[in-house]
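Numbering (our numbering), first residue to last: 127 to 376. Just so you know, even glycine gets a beta-carbon here, dropped at the ideal spot from N, CA and C. The structure under discussion appears below in the form of structure tokens.
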């Protein structure tokens, strides 16, 4: 791949999902990497949440609504989140060992970066997840539950992971909470009761909450970009339409 400067795309959730779909329609011959943040809040529903999406669309929406092709619960995106999208060929060495193992390197890598920043984060092993207590009332929300190799701080989720496997390639994604999310907006969009908002706040955390202020998204993205390209052994091609970088508001 051609070497390029790290680039952080500021996008809508719809634009991000379109990029995923476009790249998976053809055979993935080499790794592709993108780092994203969002110009405005949005809710990204899992592939099995069509009914929830339709219900949300039937009410006045305060944010963008979109559905992704991967599973899991609804994700609240926004300026508080830094996301990564990694496309790999189906036979890539990082995918050896099965679906769950494919996440391990990514969760461990992001947890290490967070620790370097002073956030006491670690990636959850499958045994850790089995020993945790789930809140069934939050099954609709991605950040309401825990999966293997997702990242927590004191048991509270700070990084979510997702995976989509297609014949042409595999997509690994992550979302890191740099600043406090607007859980009230998510619950209002899905018409969830007030206790769900409180439960989400209890079960999640952010760099802002741990450190006292949110890190600059550019700084976090640059460090993460370097670590990812070191692991992948390649540099991403330049964005065809580079978008301006953006800072997370404290």
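Assigned exposure category for residue i - 16 Cβ within 10 Å defines buried
i, result
"residue 146", "buried"
"residue 315", "buried"
"residue 225", "exposed"
"residue 339", "exposed"
"residue 155", "exposed"
"residue 260", "exposed"
"residue 267", "buried"
"residue 158", "buried"
"residue 345", "exposed"
"residue 184", "exposed"
"residue 135", "buried"
Three-state secondary structure assigned by DSSP to residue i
i, result
"residue 304", "coil"
"residue 172", "coil"
"residue 367", "Residue placement at residue 367 cannot be trusted, given a pLDDT of 42 that sits under 50; what the coordinates show is reported in the next sentence. Three-state DSSP puts residue 367 in coil, outside helix and strand."
"residue 377", "No statement about residue 377 is possible, as the shown extent of the chain runs from 127 to 376 and does not include it."
"residue 192", "strand"
"residue 222", "coil"
"residue 259", "coil"
"residue 320", "helix"
"residue 337", "helix"
"residue 325", "helix"
"residue 148", "helix"
"residue 296", "strand"
"residue 272", "coil"
Endpoints, alpha helix (DSSP H) assigned at residue i
i, result
"residue 207", "Per DSSP, residue 207 belongs to no alpha helix (DSSP H); it is in the beta strand (DSSP E), 207 to 214."
"residue 331", "Looking at the DSSP string, residue 331 is not in any alpha helix (DSSP H), and its letter there is neither H nor E."
"residue 235", "225 to 242"
"residue 291", "It is not in any alpha helix (DSSP H) - residue 291 instead sits in the beta strand (DSSP E) that spans 282 to 291."
"residue 314", "309 to 315"
Beta-bridge partners of residue i, as assigned by DSSP
i, result
"residue 343", "Paired residue(s): none; residue 343 is not in a bridge."
"residue 162", "135, 209"
"residue 267", "200"
Segment limits, beta strand (DSSP E) that includes residue i
i, result
"residue 202", "201 to 203"
"residue 253", "Here residue 253 belongs to no beta strand (DSSP E); instead the alpha helix (DSSP H) covers 252 to 256."
"residue 187", "Here residue 187 belongs to no beta strand (DSSP E), and DSSP marks it neither H nor E."
"residue 247", "247 to 249"
"residue 278", "277 to 279"
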